[in-house]
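J.: Numbers in our numbering are just positions in the sequence shown, counted from 1, shifted up by 1.
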Amino acid sequence: MSGAKRLGWIGTGAMGGPMAARLCKAGYPVTICGSGRRDLSAYAAETGARLAHNPREVAEQADIIFTMIPNGEILLDVIAGPDGLDKANLQGKILVDMSTVDPDSSAEAAKRMEENGGRLLRAPVTGSTHFAAAGTLGIMASGDRQVFETCLPYLKVLGDRQTWLGDGEQSRYMKIIINMMLAQALQSFSEGLVLGEKLGLPWKTMIDLIGDSAAAAPILRYKADTMKARDFTPTSTGYNMHKDMRMAMELAKQVDANLPTASLTMQMYNSLMAMGLKQRDNTAILLVNERMNQLALTPD
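1. Is DSSP giving residue 98 helix, strand or coil here?
2. Any idea if residue 42 is buried or exposed, counting beta-carbon neighbours within 10 angstroms, 16 or more meaning buried?
3. Specify the secondary structure class of residue 163 as computed by DSSP and reduced to three states.
4. Once DSSP output is grouped into helix, strand and coil, what is the label at residue 190?
5. By the DSSP assignment, the beta strand (DSSP E) with residue 141 in it spans what residues?
6. With DSSP collapsed to three states, give me the class of residue 132.
7. If you pair each beta-carbon of the segment 29–36 with each one of the segment 160–172, do three or more pairs fall below 8 Å?
8. For residue 74, which option in 110, 93 and 220 has the closest C-alpha, if you only look at C-alpha atoms?
9. Measure the Cβ-Cβ separation of residue 25 and residue 54 and say whether it is below 8 Å.
10. How is residue 266 classed by DSSP in three states: helix, strand or coil?
11. Where does residue 203 land, buried or exposed, given buried means 16+ other C-beta within 10 angstroms?
12. Please list the terminal residues of the continuous alpha helix (DSSP H) segment that includes residue 123.
13. What first and last residue would you give for the beta strand (DSSP E) that runs through residue 31?
14. With distance defined between alpha-carbon atoms, name the residue in 239, 263 and 294 nearest to residue 250.
15. Have a look at residue 52 and residue 150 and give me their C-alpha separation to the nearest angstrom.
16. Only counting the same chain, and skipping five residues up and downstream in sequence, which positions put a Cβ closer than 7 Å to that of residue 18?
17. Verify whether the separation of the beta carbon atoms of residue 168 and residue 144 is less than 8 Å.
18. Might you give, ordered along the chain, the residues of its own chain that have their beta carbon closer than 6 Å to the beta carbon of residue 10, omitting 5 neighbours on each side?
19. Does residue 125 pass the burial test, meaning 16 or more other C-beta atoms within 10 Å, or should it be called exposed?
20. For the candidate residues 69, 62 and 13, whose alpha-carbon lies nearest to that of residue 48?
21. Return the CA-CA distance between residue 243 and residue 214, expressed in angstroms with no decimal places.
22. Going by beta-carbon coordinates alone, are residue 141 and residue 100 separated by less than 8 Å?
23. In the DSSP assignment, find the unbroken beta strand (DSSP E) run with residue 68 in it and report its ends.
24. As an exercise, report each continuous alpha helix (DSSP H) stretch of at least 4 residues that is fully enclosed by the segment 217–280, in chain order.
25. Determine the DSSP secondary structure at residue 156, reduced to helix, strand or coil.
26. What residue range is occupied by the uninterrupted beta strand (DSSP E) comprising residue 9?
27. Would residue 254 be called buried (16 or more neighbouring beta carbons within 10 Å of its own) or exposed?
28. Just the C-alpha distance for residue 282 and residue 275, rounded to the nearest angstrom, thanks.
29. Could you check if residue 261 is buried or exposed, using at least 16 other CB atoms within 10 Å of its CB as the buried criterion?
30. If you measure between the beta carbons of residue 86 and residue 95, is that distance less than 8 Å?
31. Assign residue 248 to buried or exposed, taking buried as 16 or more other Cβ atoms, counted over all protein chains shown, within 10 Å of its Cβ.
32. If distances are taken between C-alpha atoms only, which option among 122, 147, 97 and 77 comes closest to residue 113?
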């Protein structure tokens, strides 16, 4: 591929793993490392990626480095930790962070990259693991417009929709707003199901009819089959949704925005955490609502 950049990828978990694999399959040279201690040798052998031991090694071997990691604290450690990116020469290099992180950490990450000659493109995504594997994620980007254009060929491998929102933290704000609305949709869905349970409506039929109505946000259709089966195996965890809700409430506080429904949803996800459900799927908010209503397992 004439003119193609050397790529790096840090964070090959449930989302990052299939995303990096798509770049490998497309024929791009990709050097990977984890954001933790997981052994990635089998993943490297399967995908054809080159394995590095730490972010510094990735930066030494890549022009554009992608990250998909849990939070802003880890992002800053990837950049400035003992073997971070900034221990290599970052002149002219680009870091594309596709994670959902708080805007303050993101701004600090951009500052640290620029101090070392690099640039940061914020590129959080919409969609779950299925969309990551299929390359149908939505990608919201912000940062320097020319940096976005440079990265666009690679972003098109990862998603089928790319939108540039501005030169700062706009994509972070948008991602947090979307996740806040998803949390509220799941809470509303759960309340409807609980009321239906108490009224004796058939579980699976109820879910089908909600999904076929004007009340159904796309997330409810994506989750319909697992909700019918009461399968709370995570595609995105309750912990992540709680984290995103906390970021939304912090942004609201900063700009003095009154968000009553979001505030109540935040309380429900606080309860989810207190009930030990943080590693279940974010739809486990249903279980919180059921326990509040003294409901046992939903009948078939």
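Glycine included, C-beta positions come from ideal geometry on N, C-alpha and C.
T.: Walking through what the data contain:
1. strand
2. exposed
3. strand
4. helix
5. 138–143
6. helix
7. no
8. 110
9. no
10. helix
11. exposed
12. First-last for residue 123: 120–123, but that is the beta strand (DSSP E), not the alpha helix (DSSP H).
13. 31–34
14. 263
15. 27 Å
16. 44
17. yes
18. 21, 31, 33 and 67
19. buried
20. 13
21. 27 Å
22. no
23. 65–68
24. 219–223, 225–229, 239–255 and 261–275
25. helix
26. 8–11
27. exposed
28. 15 Å
29. exposed
30. no
31. buried
32. 77
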